[in-house]
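**Student:** Mind having a look at this structure? Questions to follow.
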Amino acid sequence: MKRNILKIAIVFFLMLVLATPAMAENVLRWASQGDPLTYDPHSANESPTIGASTQVYEALVNRNWKLEKEASLAVSWEIINPTTWEFKLRKGVTFHDGTPFTAEDVAFTVKRANAETSEFRNYIKSVVETKILDDYTIQLITSGPNPILADQLTYVFIMSKKWCEKHGVTEATSFKDQEESYAVRHANGTGPFMLELREPDIKTILVKNPNWWGLKQNPHNIDKIIYTPIANAATRVAALLSGEVDFLLDPPLQDLERIKANPNLKVQQTAQIRTIFYGIDQGSAELRSSNIKGKNPFKDPRVRKAMHMAIDIKAIHKKVMRGMSIPANVMTPPGVHGYPKDLDEQRPPYDPEKAKALLAEAGYPDGFEVSLDCPNNRYNNDERICQATVGMLGKIDIKVNLVAQPKTLHFPKITGRKTDFYMLGWGVATLDSHYVFTYLLDSEGPWNGSMYSNPRVDELTRAMEVEMDLAKRDKMIRETWEIITEEQVYIPLHHQVIAWGMNKRLEMPMEPNDQPQFRWARMK
Amino acid sequence: MIFYAISRVLQSFAVMLVTAFVCFILFNYVGDPINNMVGQETTIQDREALRERLGLNDPTAVQFLRFLRNAAQGDFGISYRLQRPVKDVIPERLPATMELVFASAVLALALGIPFGIYTGLNRDTWLSRAILTGSLAGVSLPTFVIGILLIYLFSVTLGLLPSFGRGETVQVIGWWTSGLLTVSGWKSIILPSITLCLFQLTLILRIVRAEMLEVLMTDYIKFARARGLTDRAINFGHALKNTLVPVITVTGLQVGSLIAFSIITETVFQWPGMGFLFIQAVHFADIPIMVAYLVMVALFFVIINLIVDLLYFVVDPRLRMDRVETAGQG
Chain A
60 MKRNILKIAI VFFLMLVLAT PAMAENVLRW ASQGDPLTYD PHSANESPTI
110 GASTQVYEAL VNRNWKLEKE ASLAVSWEII NPTTWEFKLR KGVTFHDGTP
160 FTAEDVAFTV KRANAETSEF RNYIKSVVET KILDDYTIQL ITSGPNPILA
210 DQLTYVFIMS KKWCEKHGVT EATSFKDQEE SYAVRHANGT GPFMLELREP
260 DIKTILVKNP NWWGLKQNPH NIDKIIYTPI ANAATRVAAL LSGEVDFLLD
310 PPLQDLERIK ANPNLKVQQT AQIRTIFYGI DQGSAELRSS NIKGKNPFKD
360 PRVRKAMHMA IDIKAIHKKV MRGMSIPANV MTPPGVHGYP KDLDEQRPPY
410 DPEKAKALLA EAGYPDGFEV SLDCPNNRYN NDERICQATV GMLGKIDIKV
460 NLVAQPKTLH FPKITGRKTD FYMLGWGVAT LDSHYVFTYL LDSEGPWNGS
510 MYSNPRVDEL TRAMEVEMDL AKRDKMIRET WEIITEEQVY IPLHHQVIAW
560 GMNKRLEMPM EPNDQPQFRW ARMK
Chain B
182 MIFYAISRVL QSFAVMLVTA FVCFILFNYV GDPINNMVGQ ETTIQDREAL
232 RERLGLNDPT AVQFLRFLRN AAQGDFGISY RLQRPVKDVI PERLPATMEL
282 VFASAVLALA LGIPFGIYTG LNRDTWLSRA ILTGSLAGVS LPTFVIGILL
332 IYLFSVTLGL LPSFGRGETV QVIGWWTSGL LTVSGWKSII LPSITLCLFQ
382 LTLILRIVRA EMLEVLMTDY IKFARARGLT DRAINFGHAL KNTLVPVITV
432 TGLQVGSLIA FSIITETVFQ WPGMGFLFIQ AVHFADIPIM VAYLVMVALF
482 FVIINLIVDL LYFVVDPRLR MDRVETAGQG
């Protein structure tokens, strides 16, 4: 009896240890920190969710990995008159459930994305009417001239009218209903992958769409994608090192060397479309957290320039970011239309003496105190950058009190204009400078926590929204950049560099907006 | 006895109510859930409109009463982050935590009691000292360090066990999904349950050891030895039985702690249980989930404590005797 038990125990143990699944197809397993919030493509305007939508849904216009616009569900588009854009749609495209894609679906999508319940309204709100000319031609009528409609449409994912009506999801998630909307865990798009299984926080499984229209020009060989969110950074890296996942979107910077050292793994990196900078309140009469009463030191551009000069960005680049950053002098990275390359290269060299002299000239020879609000779970090494800054500003007698909090608590301070001095990182969805101006520099910009208000900048920002003459528009963009760089409205730090860790078997171009599109992936 | 039971139940109700109120008040001031539900660019007007729709602008008392009325029916609203009703999400995650806690408790008992007996009986052997020193690691090393170390050793270096997840699960009864019926499920539960059981194991080990040492000094053990009973009969027949009563009490109370510590273990191993759900809700200021979780955990604690108190009353004759005597003299 005992011997039998022993034998069974040995077999059981061996089974446990040696059981490995046989792989006949190409399965890409990947992980990152965040799980998409929903698979409804109009519901949540945030990165992991959009990244998930792009595998399954498609827009009229897509951006490739060089961030150039390319034809997607629309094969061509033309501006008929300043308020009318005509799109010719692709023929022979079907949704995952087999229904054909036509102009009806585009009109329906525009309406759905424009509704109050959609978070993607901003990308489509200039469109007031759609005219269907035939099954594959549609006109979008805008409220006023909109030179960047095509850029904005890259985020409007096309849904099937029939499918939405069948499942009662003609509106994006509305919190009034106490039921879960069908579109949260089910999807029906035209994209290269179909959603097979969605278990939030546990795993998501996508399978290849064999009828995808783009298969000829993008012959990817991925049959199945299994995504697992892994919140803990160390566990994520362990999963990559042990071979349980093939691709990591966000390996921690300190583990990149370890990943590179593994013979089966490699690291790819690229500059990201996101710049990290400090915002400074120059609108309030008095700062909330400072010992200077009766006036606001940040209103004086000399103080702002002194702070800019006192930050040793090269040291931050080397020690804090471990080389994974590109020091900057403007708040938007290369790749964005209107990016002023010459201004970005004119960052004043690190000079604490000169900074201290400037401060004294401005009337603060003994410096002052202020609080710095910093997120601790949003950008690469955000808290550590702030800690380094505290030390550097301390050298010119600006005593900084660091308040580091999760983004849930940090961002409302900026949108609510309740902070003196804060860190923010800004990505540019439409890849146009106007996106930066309208949110961060316009007096009414929702994220203008610095309360900067310059009538000329407001005038330019609103004019470039409707200027169809691109040469004139570019001049406006240039002038705006010159004004805000000269006045040191924000204190730019660096453009982020992102790194992806992956198995050497996987070949994928890197995307500067940190959203992998697996349609371009190949497994060897 | 009846009075005692009723008064304890009423106390439990009061505790639950206060807990619900405190959670609710606390969380209305933590973070801004609107910010997590909308993207960077939503206008201020749209945010205000969403606040109105969700009823976040109503006075606190109104919101709390609404919450109590719904909670009594098991309805905690819709999770802001997952956009699904909370009463659907919680049963999905509960089995994972329960199985992990169960596996850890079994491990802690199965290893703690024998080790405790051994170190109690053989005080000066090197093995005893080794076990006691090793057990210090169980209480001094933080849970996440132990977890990462185990992952590093068994997943990365040796490649034997998975580093995250629960493996394949099987739908057993209704909504209960079990990972204990599949091979990958077993492989996945080994490391997390070792991580979670360590501090409890140390506790049980030391309690059993201390109790054994104390009991072995008592008169009736000396008398049994004088009568000539074998060591085995004394140690396991008499001493052990008396040792185990406080151990069971402590273990029962510690189950609550296991559920609490499971938050960290689940985060390290990406174990899709209640603790992990809670941590993500905190990061996201997902108030419905946070409140539902805390109310549920408070309920667990209250029920367990209630059972333990009542059991104590039943099991220990001395408590019953005292009450009868004082009642008689009163």
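Sequence order for the protein chains is A and B. The working numbering applies: residue 60 is where the first sequence begins, and numbers increase by one. The working numbering applies: residue 182 is where the second sequence begins, and numbers increase by one. C-beta atoms are modelled at their ideal positions from N, C-alpha and C, and glycine is treated no differently.
Report the residue from Met569/A, Lys221/A, Ala174/A, Lys125/A whose alpha carbon sits nearest the alpha carbon of Thr153/A.
**Tutor:** The residue you call residue 153/A lines up with position 94 of the first sequence. The candidate whose alpha carbon is nearest that of Thr153/A is Lys221/A.
**Student:** In chain order, what residues of the same chain lie with their CB nearer than 6 Å to the CB of Val190/B, ignoring the 5 residues before and after it?
**Tutor:** For the purposes of this step, residue 190/B is taken as residue 9 along the second sequence, with counting starting at 1. Excluding positions up to five away in sequence, the list is empty.
**Student:** With a threshold of 6 Å on Cβ separation, who are the neighbours of Met253/A within its own chain once the five nearest residues in sequence on each side are excluded?
**Tutor:** Here residue 253/A refers to the residue found at position 194 when the first sequence is read from its first residue. His155, Val266, Asn268, listed in sequence order.
**Student:** Indicate whether Val215/A and Ala320/A have their beta-carbon atoms separated by less than 9 Å.
**Tutor:** As a working note, residue 215/A is residue 156 in the first sequence. As a working note, residue 320/A is residue 261 in the first sequence. Result no, Cβ atoms of Val215/A and Ala320/A do not sit closer than 9 Å.
**Student:** Would Ser202/A count as contacting chain B if we go by Cβ distances under 9 Å?
**Tutor:** For the purposes of this step, residue 202/A is taken as residue 143 along the first sequence, with counting starting at 1. Cβ-Cβ to chain B under 9 Å: no for Ser202/A.
**Student:** Going by beta carbon distance, what residues of the same chain come within less than 8 Å of Lys378/A, once the five residues before and after it are set aside?
**Tutor:** Within the first sequence, residue 378/A is the residue found at index 319, counting from 1. Cβ within range, chain order: Ala447.
**Student:** In whole angstroms, give me the CA-to-CA distance for Val436/B and Leu377/B.
**Tutor:** Residue numbering aside, residue 436/B sits at position 255 when the second sequence is read from its first letter. Residue numbering aside, residue 377/B sits at position 196 when the second sequence is read from its first letter. Going from the Cα of Val436/B to the Cα of Leu377/B covers about 11 Å.
**Student:** Give a yes or no on whether the minimum CB-CB distance between Ser492/A and chain B is below 9 Å.
**Tutor:** For the purposes of this step, residue 492/A is taken as residue 433 along the first sequence, with counting starting at 1. Judged by the 9 Å Cβ criterion, Ser492/A is not in contact with chain B.
**Student:** Provide the residue span of the beta strand (DSSP E) that contains Thr520/A, from first to last.
**Tutor:** Counting from one through the first sequence, the residue named residue 520/A turns up at place 461. Here Thr520/A belongs to no beta strand (DSSP E); instead the alpha helix (DSSP H) covers 514–525.
**Student:** What residue range does the beta strand (DSSP E) around Thr329/A cover?
**Tutor:** Within the first sequence, numbered from 1, the residue matching residue 329/A stands at position 270. Segment 324–339, the beta strand (DSSP E) holding Thr329/A.
**Student:** By alpha-carbon positions, which one of Glu316/A, Val362/A, Ile285/A, Ala290/A ends up nearest to Leu300/A?
**Tutor:** Position 241 of the first sequence, counted from the first residue, corresponds to residue 300/A. For Leu300/A, the nearest C-alpha among the options comes from Glu316/A.
**Student:** Using the three-state DSSP reduction, which class does Gly302/A fall into: helix, strand or coil?
**Tutor:** Taking the first residue of the first sequence as 1, we reach residue 302/A at position 243. Three-state DSSP puts Gly302/A in coil, outside helix and strand.
**Student:** Tell me, to the nearest whole angstrom, how far the beta carbon of Asp533/A is from that of Gly397/A; I am working on the premise that it is less than 8 Å.
**Tutor:** Counting from 1 along the first sequence, the entry for residue 533/A is found at position 474. Counting from 1 along the first sequence, the entry for residue 397/A is found at position 338. With a Cβ gap of about 7 Å, Asp533/A and Gly397/A count as contacting.
**Student:** Can you tell me which of Arg234/B, Val351/B, Gly348/B, Pro240/B puts its alpha carbon nearest to the alpha carbon of Thr176/A?
**Tutor:** Looking up residue 176/A in the first sequence gives position 117. It is Arg234/B.
**Student:** In its own chain, which residues sit with a C-beta less than 6 Å from the C-beta of Pro272/B, not counting the 5 before and 5 after it?
**Tutor:** Position 91 of the second sequence, counted from the start, is the residue given in the question as residue 272/B. Within the same chain, Pro272/B has close Cβ partners Trp356.
**Student:** Under the assumption that Arg122/A contacts Thr213/A (Cβ atoms under 8 Å), give the Cβ distance between them as a whole number of angstroms.
**Tutor:** Taking the first sequence and counting its residues from 1, the one referred to as residue 122/A is at position 63. Taking the first sequence and counting its residues from 1, the one referred to as residue 213/A is at position 154. About 6 Å separates the two Cβ atoms, so the contact holds.
**Student:** For the beta strand (DSSP E) containing Ser605/A, list its first residue and its last residue.
**Tutor:** This structure does not reach residue 605/A, given that chain A is present from 60 up to 583, and the question cannot be answered.
**Student:** Can you check whether the CB of Ala290/A is closer than 9 Å to the CB of Gln352/B?
**Tutor:** Residue mapping note: residue 352/B aligns to position 171 of the second sequence, counting from 1. Residue mapping note: residue 290/A aligns to position 231 of the first sequence, counting from 1. Their beta carbons are not under 9 Å apart, which means Gln352/B does not touch Ala290/A by this criterion.
**Student:** Could you check whether the Cβ of Asn436/A sits closer than 9 Å to any Cβ belonging to chain B?
**Tutor:** Here residue 436/A refers to the residue found at position 377 when the first sequence is read from its first residue. Yes, Asn436/A counts as interfacial toward chain B.
**Student:** Please give the ranges of any alpha helix (DSSP H) in the stretch 240–301 of chain B, keeping only runs that are unbroken, at least 4 residues long and fully inside the region.
**Tutor:** With a minimum length of 4 residues, the continuous alpha helix (DSSP H) runs that stay inside the stretch 240–301 of chain B are 241–253.
**Student:** Listing by chain order, which chain B residues have their CB less than 8 Å from the CB of Ile261/A?
**Tutor:** Translated into the one-based positions of the first sequence, residue 261/A becomes position 202. In chain order: Gly346, Arg347, Pro453.
**Student:** My understanding is that Pro373/A touches Asp432/A, with C-beta atoms under 8 Å, so please give their C-beta distance in whole angstroms.
**Tutor:** On the first sequence, residue 373/A is found 314 positions in, with the first residue counted as 1. On the first sequence, residue 432/A is found 373 positions in, with the first residue counted as 1. The sequence as given places Lys at residue 373/A; Pro does not occur at that position. Actually they do not touch by this definition, with Cβ atoms about 25 Å apart.
**Student:** Residues in the stretch 449–473 of chain B with C-beta within 9 Å of chain A's C-beta atoms, listed in sequence order?
**Tutor:** Correct list: Val449, Phe450, Gln451, Pro453, Phe457, Leu458, Ile460, Gln461, Val463, His464, Phe465, Ala466.
**Student:** Once the 5 residues before and after Ala473/B are set aside, which same chain residues still bring their CB inside 7 Å of it?
**Tutor:** Position 292 of the second sequence, counted from the start, is the residue given in the question as residue 473/B. Cβ within range, chain order: Phe257, Val267, Ile271.
**Student:** For Ala558/A, which beta-bridge partners are listed by DSSP?
**Tutor:** Residue numbering aside, residue 558/A sits at position 499 when the first sequence is read from its first letter. Partner(s): Gln328/A.
**Student:** I want to verify the contact list: residues of chain A whose CB lies under 8 Å from the CB of Arg262/B, in sequence order.
**Tutor:** Residue numbering aside, residue 262/B sits at position 81 when the second sequence is read from its first letter. The contacting residues are Leu96.
**Student:** Which residues in the same chain as Gly426/A place their Cβ atom closer than 7 Å to its Cβ, once the five residues preceding and following it in sequence are excluded?
**Tutor:** As a working mapping, residue 426/A is identified with position 367 in the first sequence. Counting only Cβ-Cβ distances below 7 Å, and skipping sequence neighbours, we find Leu418, Ile455, Asp456, Ile457, Lys458.
**Student:** Taking a cut of 7 Å between CB atoms, which residues from the stretch 281–296 of chain A lie near chain B?
**Tutor:** Listed by position, the residues of the stretch 281–296 of chain A near chain B (Cβ gap below 7 Å) are Thr287, Ile289, Ala290, Asn291, Ala293, Thr294.
**Student:** Following a CB-centred definition, is Arg228/B positioned closer than 8 Å to any heavy atom of the ligand SAM?
**Tutor:** Of the ligands one can find in the structure shown there are none, so the ligand SAM has no counterpart to examine.
**Student:** Leu402/A touches chain B at which residues, Cβ-Cβ below 7 Å?
**Tutor:** Counting from 1 along the first sequence, the entry for residue 402/A is found at position 343. Residues of chain B passing the Cβ test: none, with the nearest at roughly 24 Å.
**Student:** Return no unless some Cβ of chain A is closer than 9 Å to the Cβ of Thr278/B.
**Tutor:** Here residue 278/B is taken as the residue at index 97 of the second sequence, counted from 1. Output row for Thr278/B: interface = no.
**Student:** Name the one or two DSSP bridge partners that Ala118/A has.
**Tutor:** In the first sequence, residue 118/A corresponds to position 59, counting from 1. Note: Ala118/A sits in a beta bridge opposite Phe216/A.
**Student:** So Trp271/A packs on Arg149/A, CB below 8 Å; how close in whole Å?
**Tutor:** Working through the first sequence from its first residue, we reach residue 271/A at position 212. Working through the first sequence from its first residue, we reach residue 149/A at position 90. Actually they do not touch by this definition, with Cβ atoms about 12 Å apart.
**Student:** Could you work out which residues of chain B lie near Asn239/A, taking near to mean beta carbons separated by less than 9 Å?
**Tutor:** Position 180 of the first sequence holds residue 239/A. Note on identity: in this sequence residue 239/A is Glu, with Asn being the wrong assignment. Going along chain B in sequence order, the residues near Glu239/A (Cβ under 9 Å) are Ile259, Leu263, Gln264, Arg265, Pro266, Asp269.
**Student:** Find the residues of chain A that neighbour Gly340/B, judging by a C-beta separation of less than 8 Å, and give them in chain order.
**Tutor:** If you number the second sequence from 1, residue 340/B lands on position 159. Going along chain A in sequence order, the residues near Gly340/B (Cβ under 8 Å) are Ser301, Gly302.
**Student:** Just to confirm, is the Cβ distance from His464/B to Pro465/A under 9 Å?
**Tutor:** Reading the second sequence from its first residue, position 283 is the one you call residue 464/B. Reading the first sequence from its first residue, position 406 is the one you call residue 465/A. Yes.
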